[in-house]
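Peer 1: To start, I am sharing the structure in question, which I have written as structure tokens.
Number of protein chains: 2
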Amino acid sequence: MSTSPDNTFSVAKAEDSSGFLLWQVTSLWQRQLKKALEPYGITHSQFVLMASIHWLTLHKKEVTQIVLSSHTKIDPMTTSTVLRTLQQKGLVLRQEHLTDTRAKTVGLTDNGKEIVKKAVVTVENFDKQFFSALGASTGEFNRQLIELLSAENK
Amino acid sequence: MSTSPDNTFSVAKAEDSSGFLLWQVTSLWQRQLKKALEPYGITHSQFVLMASIHWLTLHKKEVTQIVLSSHTKIDPMTTSTVLRTLQQKGLVLRQEHLTDTRAKTVGLTDNGKEIVKKAVVTVENFDKQFFSALGASTGEFNRQLIELLSAENK
DNA sequence: CAAATATAATATGTACACTTATTATATGCA
DNA sequence: TGCATATAATAAGTGTACATATTATATTTG
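Heads up: the sequence lines are chains A and B, in that order.
To convert, take the position in the first sequence, counting from 1, and add 581; that gives my numbering.
To convert, take the position in the second sequence, counting from 1, and add 581; that gives my numbering.
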């Protein structure tokens, strides 16, 4: 034995790492989704927040920034910043909460509602195409993702 | 039929969307990995680039910024910025390429090598824990991710 | 060999994403 | 009731991530 080999890596290929793969797939997905949303003039985070506002409103939920943050898993600070941008764009309204004066009640403007309805269709179609490579195992894939999400939320 | 119901969303729960799930899992993974890397004073992107430099060097590849960019799928501009940060930290060297004077040859400093070796162990352990919820289906999960990656690279 | 084209790196600018710390207000409990 | 603690939002700062445009150099091709 002369010089010992470098055995920093435990896998033969970086590509065998779930983490590295997950991160690469998500990057790819985000890049393409960003392009798909360009016609609407909104970013991915903006879309997620707008869609969630719409969703929660339809389900008669109180929509405050903290509710949005926990629903989307976008951190509260980013939620605050992005919503302010959306307000400036005239897509979102932020008013004082009726009973909790610390909180802000968030809603979509008519224009915001228009846009998000179209954008949701676009995103759903994009996702359908992006994940079509999974074929019949889409359900299994979703289950695995949900498994990872709930495992980490304890 | 009076007022028509809003049918913006095609799924009953936002959680049934592969895209939304994928993005949430990756966010969670990134947040936790960031914490795991804190002891080393490096970010996720910095880690990915350093690990790739180490990997490519071990495999006798020419390591330029563009090579790193395509290997990691971090875009060239971000690669440039992050590597400059790493150079300032004394973890990376960037020299004029011998034959192609447009390019920069990138390598790790001794300190950089020290750090990345330890960080790789940490990240591998973290990944093992994070993805342990998948159990026996880890291989299948990886295969699905690779499927998505290659489907989109055409 | 010279012009057209491609490539490597980066300046600039926008938009997250997260950390730490702060402000203002609400709420639980002694 | 009053204080300790929790919560909602945000200011400030760092570090990506990407688009567009630019600079410098290499390569291809007529």
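Every residue, glycine too, gets a C-beta built ideally from N, C-alpha and C.
Given the structure is predicted, the values throughout are model-derived calculations rather than measurements.
Which class does residue 675 of chain A belong to by DSSP, given the choice of helix, strand or coil?
Peer 2: Strand at residue 675 of chain A.
Peer 1: Less than 8 angstroms between the CB atoms is what I'm expecting for residue 628 of chain A and residue 704 of chain A, so what's the real figure, rounded?
Peer 2: Going by Cβ atoms, the distance from residue 628 of chain A to residue 704 of chain A rounds to 7 angstroms, so yes, they are a contact pair.
Peer 1: Mind pulling the chain A residues with CB within less than 8 angstroms of residue 719 of chain B?
Peer 2: Within 8 angstroms Cβ-Cβ: 599.
Peer 1: Between residue 654 of chain B and residue 605 of chain A, which are expected to be in contact by the criterion C-beta below 8 angstroms, what is the C-beta distance as a whole number of angstroms?
Peer 2: 5 angstroms between Cβ atoms; contact.
Peer 1: Which partner residues of residue 687 of chain A appear in the DSSP bridge assignment?
Peer 2: Paired residue(s): A:675.
Peer 1: Please name the residue or residues paired with residue 645 of chain B in a DSSP beta bridge.
Peer 2: Residue 645 of chain B pairs with B:686.
Peer 1: Please list the residues of the stretch 599–613 of chain B that have a C-beta atom closer than 9 angstroms to any C-beta atom in chain A, keeping them in chain order.
Peer 2: Against chain A - using a Cβ distance shorter than 9 angstroms - the residues of the stretch 599–613 of chain B are 599, 600, 601, 602, 603, 604, 605, 606, 607, 608, 609, 610, 611, 612, 613.
Peer 1: What in chain A is Cβ-close to residue 708 of chain B, meaning under 8 angstroms?
Peer 2: Residues of chain A passing the Cβ test: 598, 599, 600.
Peer 1: Could you give the residue range of the alpha helix (DSSP H) that holds residue 632 of chain B?
Peer 2: 625–639 is the extent of the alpha helix (DSSP H) around residue 632 of chain B.
Peer 1: Please report how far the alpha carbon of residue 716 of chain B lies from the alpha carbon of residue 650 of chain B, in whole angstroms.
Peer 2: If I take the Cα positions, the gap works out to 32 angstroms.
Peer 1: Per DSSP, what kind of secondary structure is residue 718 of chain A in: helix, strand or coil?
Peer 2: Reduced to three states, the DSSP call for residue 718 of chain A is helix.
Peer 1: Between the alpha carbons of residue 634 of chain B and residue 702 of chain B, how many angstroms are there, rounded?
Peer 2: One C-alpha to the other measures close to 16 angstroms.
Peer 1: Are residue 700 of chain B and residue 714 of chain A touching if we call contact CB-CB under 7 angstroms?
Peer 2: Not in contact: residue 700 of chain B and residue 714 of chain A (Cβ atoms no closer than 7 angstroms).
Peer 1: In the structure shown, what three-state DSSP assignment does residue 622 of chain B receive?
Peer 2: Coil, per DSSP.
Peer 1: For the alpha helix (DSSP H) that residue 661 of chain A lies in, which residues bound it at each end?
Peer 2: Element bounds for residue 661 of chain A: 657–669.
Peer 1: Determine the burial state of residue 639 of chain B: buried for a count of at least 16 other Cβ atoms within 10 Å of its Cβ, exposed for fewer.
Peer 2: So residue 639 of chain B counts as exposed.
Peer 1: Would residue 720 of chain B and residue 690 of chain B qualify as a contact pair, given that the criterion is a beta-carbon distance under 7 angstroms?
Peer 2: No. Outside cutoff.
Peer 1: So residue 773 of chain A contacts chain B; which residues on that side make the cut at Cβ distance below 7 angstroms?
Peer 2: Coverage of chain A is limited to positions 582 through 735, which leaves residue 773 of chain A absent and any answer about it impossible.
Peer 1: Answer with yes or no whether the minimum CB distance from residue 725 of chain B to chain A is below 7 angstroms.
Peer 2: With 7 angstroms as the cut-off, residue 725 of chain B counts as an interface residue toward chain A.
Peer 1: Taking C-beta to C-beta, are residue 615 of chain B and residue 625 of chain B nearer than 7 angstroms?
Peer 2: The answer is yes: Cβ separation under 7 angstroms.
Peer 1: Counting only beta-carbon separations shorter than 7 angstroms, does residue 728 of chain A have a partner in chain B?
Peer 2: For residue 728 of chain A, the answer is yes, since a Cβ of chain B falls inside 7 angstroms of its Cβ.
Peer 1: Determine the DSSP secondary structure at residue 607 of chain A, reduced to helix, strand or coil.
Peer 2: Helix, per DSSP.
Peer 1: Could you say which of B:686, B:679, B:682, B:680 lies nearest to residue 665 of chain B if we only look at CA atoms?
Peer 2: Of the candidates B:686, B:679, B:682, B:680, the one whose C-alpha sits nearest the C-alpha of residue 665 of chain B is B:686.
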